[in-house]
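Position one of the sequence shown corresponds to residue 5 (the working numbering), numbered consecutively onward. Every residue, glycine too, gets a C-beta built ideally from N, C-alpha and C. Report on the following structure.
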Amino acid sequence: MKIQLKDKDILFPTPSALVVSGVGDASNILTVAWIGIVGSKPPAISISLHKNRHTLSLIRQTQEFTVNIPRRSDFEKVDYCGIVSGKTVNKFIAAGFSRIDGQKVKVPIIKECPLNLECKVLREIDMSDWILIIGEILEVNIDADCLDDNGKISVAKADPLVYIPTVREYWSIGKKLGDSFKAGKNYREIT
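This is the structure we're talking about:
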């Protein structure tokens, strides 16, 4: 039996991302769960920010941001970056994260995160109390130790943190089940 939950913001898991905005010592980190890939050509990502967020004003100044995917071991730091304001706290110092210069944008990436996306704003969409920002991914940075022997990204080695909206929980990713575009080739419907 299915139970209806009405119109709620339920989709899980989502990446637990650290979005960096601003430049130099004025750069800020915000934990963002409303995030996802929205296109491949050009590669694009969307983030949704409340209109009162300090991060939104910083992104509007530079028209750039970075998306940094932390490891599960950093979940307490990630949560901290979502509950304090960058207007009053330097989250890089407080959370113990390090800035590294981006290759294609002026906004820094986070050294401790195994995956970093450098983005420029393509569009903003007003959604009442929220602003949806669509960014083009200009560069992808990954820690060398997160690649397998064939140069393919190893999710197990990256060990990314994920978020479960609505129940507000952090989780890690479980075991690999199979390869997309291959697993379904052997499936056949039983009649």
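Whether residue i touches residue j by CB criterion (9 Å)
| i | j | result |
| --- | --- | --- |
| residue 163 | residue 146 | no |
| residue 59 | residue 32 | yes |
| residue 73 | residue 21 | yes |
| residue 100 | residue 34 | no |
| residue 141 | residue 48 | yes |
| residue 91 | residue 84 | no |
| residue 170 | residue 14 | yes |
| residue 136 | residue 52 | yes |
| residue 30 | residue 62 | yes |
Beta-carbon separation (whole angstroms), residue i vs residue j, contact threshold 8 Å
| i | j | result |
| --- | --- | --- |
| residue 24 | residue 69 | 6 Å |
| residue 54 | residue 183 | 38 Å between Cβ atoms; not a contact. |
| residue 18 | residue 167 | 5 Å |
| residue 124 | residue 139 | 6 Å |
| residue 71 | residue 39 | 7 Å |
| residue 121 | residue 144 | 6 Å |
Alpha-carbon to alpha-carbon, residue j and residue i
| i | j | result |
| --- | --- | --- |
| residue 82 | residue 108 | 25 Å |
| residue 159 | residue 118 | 10 Å |
| residue 50 | residue 88 | 22 Å |
| residue 157 | residue 187 | 19 Å |
Per-residue DSSP class, three states only, for residue i
| i | result |
| --- | --- |
| residue 86 | helix |
| residue 59 | helix |
| residue 172 | coil |
| residue 124 | strand |
| residue 190 | helix |
Using 8 Å as the Cβ pair cut-off and three pairs as the minimum, do the stretch 149 to 161 and the stretch 75 to 83 touch? no
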